[in-house]
Amino acid sequence: MTRALEQQTQRRQLQGVVVSDKMQKTVVVRVDRRKRHPKYHKYFVVSKRFLVHDEAGVARKGDTVEFEECRPISRHKRWRIIESNW
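Letter 32 of the sequence shown, counting from 1, is numbered 46 in our numbering, and no numbers are missing.
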C-alpha cells in the first residue's frame, strides 16, 4: 500500500496598498520596497503593481491588504487576498 504525500510549497506573501478597485473581483495593489543604490548607498523606494483576486469584493482604494501567490486565475492575475486591514 503506497501513501501519496502532499507536497505543499511555501507561497509568497506580500503586503501593499490598494490603488484601484474599479474592476469586478480584482484590485490593483502597490507594493513599495526600499532599495539601496550600489555606488552611492542612498536608499530609494521602488514600487510594483500587482493584480490581485478579490472574490468577496471587500477591498477598497486606500486599504492595506495582505495577499499570497496562487494558481493563475487569468492572464495577469496570480495573487489572491488573504486579509484586508481597513
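We put the beta carbon where it would ideally sit given N, CA and C, even for glycine.
- Query: Can we say the region 29-47 touches the region 63-79, given the rule of at least three CB pairs closer than 8 Å?
  - Reply: yes
- Task: Could you please give the first and the last residue of the uninterrupted beta strand (DSSP E) stretch that includes Q22?
- Result: Within the sequence shown, numbered from 1, the residue matching residue 22 stands at position 8. Taken as a continuous stretch (DSSP letters only), Q22 belongs to no beta strand (DSSP E), as it is neither H nor E.
- Query: Which residues in the same chain as R25 place their Cβ atom closer than 8 Å to its Cβ, once the five residues preceding and following it in sequence are excluded?
  - Reply: If you number the sequence shown from 1, residue 25 lands on position 11. Here the set comprises E82, E83, C84.
- Item | D77 in three-state terms, based on DSSP | If you number the sequence shown from 1, residue 77 lands on position 63. It is coil, neither helix nor strand.
- Message: Residues in the same chain with beta-carbon distance under 8 Å from N99, minus the five sequence neighbours each way, listed in chain order, please.
- Response: Counting from one through the sequence shown, the residue named residue 99 turns up at place 85. Counting only Cβ-Cβ distances below 8 Å, and skipping sequence neighbours, we find D77, T78, V79, E80.
- Query: Around the Cβ of G71, are there at least 16 other Cβ atoms within 10 angstroms (buried) or fewer (exposed)?
  - Reply: Position 57 of the sequence shown holds residue 71. Flag for G71 reads exposed.
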